[in-house]
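Numbered by the numbering used here, the letters in the sequence shown go through residues 1309 to 1443 in order.
Idealized CB from N, CA, C, for every residue including glycine.
Since the structure is predicted, the reported quantities are computational estimates derived from the model, not experimental observations.
The next block holds one structure in the form of structure tokens; read it before the comments.
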Amino acid sequence: MLYCAVLTPLGDDGFAVDFPDFPDAAPGDVGADTLCEAYGVAEEALAEHVRGLLARGEPLPEPTPPDRLPASPPAGAALFMVPVRLEPRRVVKVTLTMTEQEKEKLDAVAADWNMSRSQVVVAAIRDLCDRMGCP
């Protein structure tokens, strides 16, 4: 399930994230330095909020389509979709094979985004799956 989120830049203070379908779930100032980091915090905050609702037996709202939100995002804000991922996560180590040039690109992206190689690869997989509609 995908829910709308509004990402608002806070200048040097990072970003704020709000969920129109879950007004009490917003992590507010997420303190992230990058968009990718803010997205990860938003995803975790939404999953945690949904887990709490389900644990209390409360129903989840139907996701509001972006074109049916009651208000437009504030100036400078971005609207994006956040998946609800509730499955337990067991971390496993894998070995990847790639060309030297691809490794250099991976390292450059990781450095630019202040992420590890693994975080970049996982973010890319999630993004691809979200766009392709895979589970």
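Closest by C-alpha distance to V1417, when choosing among L1377, C1344, G1441 and A1386:
C1344
How many angstroms separate the CA atom of D1329 from the CA atom of P1373?
10 Å
For C1442, does the count of other Cβ atoms within 10 angstroms reach 16, so buried, or fall short, so exposed?
exposed
For the structure I just gave you, are there three or more beta carbon pairs, one from the region 1347-1358 and one from the region 1386-1394, closer than 8 Å?
yes
9 Å Cβ cutoff, A1313 in contact with chain D
Note that chain D does not occur in the displayed structure, where there is just one protein chain.
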